[in-house]
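Heads up: the protein sequence lines correspond to chains X and C, in order. In terms of the numbering used here, the first sequence opens at residue 13 and continues consecutively. In terms of the numbering used here, the second sequence opens at residue 13 and continues consecutively. Beta carbons are placed, not taken as given, at the ideal position from N, Cα and C, and that holds for glycine. Beneath this line is the structure, given in structure tokens, with notes to follow.
Protein chains: 2
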Amino acid sequence: MAIDNEIEVKETSRLGGDQSVGLVETQTWTFEAPLPLDCGRTLSPVTQAYETYGALNAARDNAIIIFHALSGDAHMAGYHTPEDRKPGWWDIMVGPGKPFDTDRYYLICANVIGGCKGSTGPASVDPNTGKPYGLSFPVVTVGDMVRAQKRLVEHLGIERLLAVGGGSMGGMLALDWAVRYPDAVASVLAIATSARLNAQGIAFNEVGRQAIMADPDWRGGDYYGRTPPSAGLAIARMVGHITYLSDHQMRAKFGRRLQNRRAFGYDFETEFQVESYLKYQGDSFVRRFDANSYLYITKAIDYFDLANGHHSLVMALERIQAEFLVVSFSSDWLFPTSAAKEIVKALQANGVPTTYLDIHNPYGHDAFLLPNEELGRTVSGFLANVHRQVRKDAL
Amino acid sequence: MAIDNEIEVKETSRLGGDQSVGLVETQTWTFEAPLPLDCGRTLSPVTQAYETYGALNAARDNAIIIFHALSGDAHMAGYHTPEDRKPGWWDIMVGPGKPFDTDRYYLICANVIGGCKGSTGPASVDPNTGKPYGLSFPVVTVGDMVRAQKRLVEHLGIERLLAVGGGSMGGMLALDWAVRYPDAVASVLAIATSARLNAQGIAFNEVGRQAIMADPDWRGGDYYGRTPPSAGLAIARMVGHITYLSDHQMRAKFGRRLQNRRAFGYDFETEFQVESYLKYQGDSFVRRFDANSYLYITKAIDYFDLANGHHSLVMALERIQAEFLVVSFSSDWLFPTSAAKEIVKALQANGVPTTYLDIHNPYGHDAFLLPNEELGRTVSGFLANVHRQVRKDAL
């Protein structure tokens, strides 16, 4: 299950990046035992696409699972083929000598259920009908996604993880894991995330969903094998992208500059750079993402509230046994600093050892995907410390 | 052209509001002389729907024009019929004894060209074809809207206005007037506005336009007499509404509360209150607004940059002769305080007498449409002072 180190080094040098995990392969694992879901239904079979990096050590105490965000996938680091233009989505953080150091730790990343990157989702074939689920796929929650990945982790032979972590929605899964399986994790990295989505976040997600469902090609979700609702999905993605950048960043990146023209066109073509950027983001997204998955995953995010089923956030965190690293970015207005502080306060009220880092930079919510030395150093130090503690406790 | 005071009082008491301008009528005025536009084309004939409130005095020194925002119209105060559920859009500010005191001032408000509330716009009949313009209507700018309204003001027999004012896009028209016709205005009220739309604002507008243009019912703008692109327009309006409210206000107003249900439905129906609110806003908007006008007016807002054609904002304001009242709202993230301060600084650099008021409340951009004593008092005092000065200068 781990990447062969020799091959890795060879491939890495071939790619010219001495800090890359090199070539990786997405694997899949399917279980038949019905997965109970929060909605009351069950899902079976459940396939999960996942990738692993580094090697599980003999003590099995160096495994970390990272959860991806809304549009992410299992391909977190390295390359699938030498021809890939870009590495995995968190390659800056995962690799030999990187903060999630694959020379030390065994990293796992799996596509969420409901997704469209190899795990069971609305585009999968419903065994009862022999056709793609479409909207008959059950509405899954962050908790359901976590339950599915717990089975994967057990399948990989791991009882207790050194860490669970993620940014944005990935951070929500990490928080959920810590509450759901307090015995099965030593530390949590909750980055650019929140214990619940606020009204504004729900509102933006709903606009995206309405845009998809208003597209006549959506056909009530039954579009597989036909033209997909690309126009609607592109608009949803455009809305999302506005929320991922800070106003300051948009100003610095685009301002009011025109794209490929020197004067106003007085028409409805794309003319400002910011329009061109959004259009590009929307158009490229529809080539790699399934519109129904966008509906399901945003719905899971909307539903997420760590205090669900508890009297309060503080009480929800009562059984926590892990140490926490909570990170926010000052210019993130989708998951603002105040949301991170709410988590930190509730952890502190429970006496949970918590490191809180508020990073000041102008990159908005997307900052967690960008290179940041402060983030890197803090993650690296936090993990080393937790690992040391775990080993000490095992003696 | 002014409202008969006797009728007004009678109607007002019938409506039970002793501070209402009572029943008003929208009037129209059409001119044939071609209006030159920034795009290089001309428009003719040009009809403008407008309303007036109060009476022009003998000195003709008490006239104020108010410019409406994106979705506004000429109906600023009072009622069209006794059955109207709601008065005009700024009834809280315009009326006898109100900040824009109709016992003292003569108020004018006209629908912008490009609009759909009685003024010439994309839904109007093109005299060259006998059919609605649709997308063959020229792309108009804030400057074009102002030029058209200048002709209306002249038609009403007014050479110099006591004040021009407005919130949001209305503030942009007010700023443009002050630069374009420095001799023709004594004061400017620029409320919740900006000297230019920033990248984030352009981005949100572009999402709205893309949603409209992606609606198959839009048919390249040629939908008059057929089903209009309601789904697209509703999505555009939903996006807009998110930007009009502050995050804080959304949290207070909706939080994560569910609408008419006690538990999650695990489906894609409207279930959070904030979704229900947005859906209502979208659905009611499509019954009163034309999608093509939404395209044209947002484009005019995007194009607006007071420094266009000048070397800088400071230089653009060189010829200003008016006094200024600039108002911002602390929780407005669409036209933030920083945008107001930029205007204030550029005015001060030109030695323009400027009052700046930053109102601290949680209501976001929409705050300028809500009752606010501080705003009311400041506007009232500012106008009284300007009027006193104008009368003194005339002696």
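Assigned secondary structure, residue i (DSSP; H/G/I helix, E/B strand, else coil)
i	result
serine 342 of chain X	coil
isoleucine 170 of chain C	coil
leucine 49 of chain X	coil
isoleucine 332 of chain X	coil
leucine 201 of chain C	strand
aspartate 113 of chain X	strand
lysine 98 of chain C	coil
leucine 381 of chain X	helix
tyrosine 193 of chain C	coil
tyrosine 375 of chain X	coil
tyrosine 91 of chain X	strand
arginine 73 of chain X	Here residue 73 of chain X is aspartate; the residue named in the question, arginine, does not match the sequence. Coil.
leucine 68 of chain X	coil
aspartate 16 of chain C	In this predicted model, aspartate 16 of chain C has a pLDDT of only 33, less than 50, meaning its place in the structure is not dependable; the value taken from the coordinates is given anyway. Three-state DSSP puts aspartate 16 of chain C in coil, outside helix and strand.
glycine 294 of chain X	helix
alanine 303 of chain X	helix
valine 152 of chain X	coil
phenylalanine 216 of chain C	helix
aspartate 229 of chain X	helix
alanine 86 of chain X	coil
tyrosine 289 of chain C	helix
alanine 160 of chain X	helix
alanine 186 of chain C	helix
alanine 223 of chain X	helix
Per DSSP, the bridge partner or partners of residue i
i	result
tryptophan 41 of chain X	X:Gln60
isoleucine 309 of chain X	Note: isoleucine 309 of chain X sits in no beta bridge, so no partner.
arginine 208 of chain C	C:Asp317
cysteine 121 of chain X	X:Glu63 and X:Ile78
valine 284 of chain X	Checking the sequence, you will find phenylalanine at residue 284 of chain X rather than valine. Bridge partners of phenylalanine 284 of chain X: X:Leu270.
valine 137 of chain C	C:Pro144
glycine 107 of chain X	X:Asp113
leucine 55 of chain X	X:Leu47
leucine 337 of chain C	C:Leu201 and C:Thr367
Nonlocal neighbours in the same chain, by C-beta distance under 7 Å from residue i, ignoring five residues either side
i	result
arginine 389 of chain X	none
glycine 155 of chain C	Asp50, Asp188 and Arg192
aspartate 378 of chain C	Tyr256 and Leu257
tyrosine 289 of chain X	Phe266
aspartate 295 of chain X	Ala246
alanine 328 of chain C	Val191, Leu318, Ala319 and His322
Residue span of the alpha helix (DSSP H) that contains residue i, given as start and end
i	result
tyrosine 235 of chain X	Careful: tyrosine 235 of chain X lies outside any alpha helix (DSSP H) and carries neither H nor E.
aspartate 259 of chain X	259-265
threonine 390 of chain X	385-406
histidine 253 of chain C	242-256
threonine 132 of chain C	Per DSSP, threonine 132 of chain C belongs to no alpha helix (DSSP H) and is neither H nor E.
valine 356 of chain C	349-361
Boundaries of the beta strand (DSSP E) in which residue i is found, first to last residue
i	result
alanine 175 of chain C	175-179
leucine 35 of chain X	Looking at the DSSP string, leucine 35 of chain X is not in any beta strand (DSSP E), and its letter there is neither H nor E.
leucine 369 of chain X	366-371
Own chain partners of residue i with C-beta closer than 8 Å, once the 5 adjacent residues on each side are dropped
i	result
leucine 185 of chain C	Phe79, Val124, Val154, Met157, Val158, Gln161, Val176 and Gly178
proline 383 of chain C	Ile104
glycine 115 of chain X	The amino acid at residue 115 of chain X is misidentified as glycine; the sequence shows aspartate. Once the five neighbours on either side are set aside, the close Cβ partners of aspartate 115 of chain X are Gly66, Pro108 and Gly109.
aspartate 229 of chain X	Tyr235, Arg238, Thr239, Pro240, Pro241, Ser242, Ala243 and Gly244
valine 219 of chain C	Ala248 and Val251
proline 57 of chain X	Thr42, Phe43, Glu44, Thr132 and Pro139
Short CB-CB distance (under 8 Å) between residue i and chain B
i	result
arginine 221 of chain X	Of the protein chains in this structure, namely X and C, none is chain B.
Own chain partners of residue i with C-beta closer than 6 Å, once the 5 adjacent residues on each side are dropped
i	result
serine 199 of chain C	Ala175, Ala334, Glu335 and Val398
phenylalanine 112 of chain C	Met105, Val106 and Leu119
alanine 202 of chain X	Gly183, Ala186, Leu187 and Val338
### Query
For the 8 Å Cβ check, are there 3 or more pairs between the segment 84-91 of chain C and the segment 358-372 of chain C?
No, the segment 84-91 of chain C is not in contact with the segment 358-372 of chain C.
### Query
Counting Cβ pairs, one atom from each stretch, are 3 or more of them under 8 Å apart for the segment 309-316 of chain C and the segment 346-359 of chain C?
Counting Cβ pairs under 8 Å, fewer than three are found: no touch.
### Query
Is the segment 295-309 of chain C touching the segment 329-343 of chain C, taking contact as three or more C-beta pairs under 8 Å?
Put simply, the segment 295-309 of chain C does not touch the segment 329-343 of chain C. Fewer than three CB pairs are less than 8 Å apart.
### Task
Examine the Cβ distances between the segment 353-365 of chain C and the segment 240-249 of chain C and report whether three or more of them are shorter than 8 Å.
Taking a cut-off of 8 Å on C-beta distances, the segment 353-365 of chain C does not touch the segment 240-249 of chain C, as fewer than three cross pairs fall below it.
### Query
Quick check: the segment 281-295 of chain C against the segment 218-236 of chain C, are there 3 or more CB pairs under 8 Å?
Output reads no: the segment 218-236 of chain C does not touch the segment 281-295 of chain C.
### Inter-stretch contact (C-beta, 8 Å, three-pair minimum) for the segment 138-150 of chain X and the segment 112-121 of chain X
No: fewer than three Cβ pairs fall under 8 Å.
### Segment contact flag, the segment 196-216 of chain X with the segment 212-222 of chain C, C-beta cutoff 8 Å, min 3 pairs
Flag = no, the segment 196-216 of chain X and the segment 212-222 of chain C do not touch.
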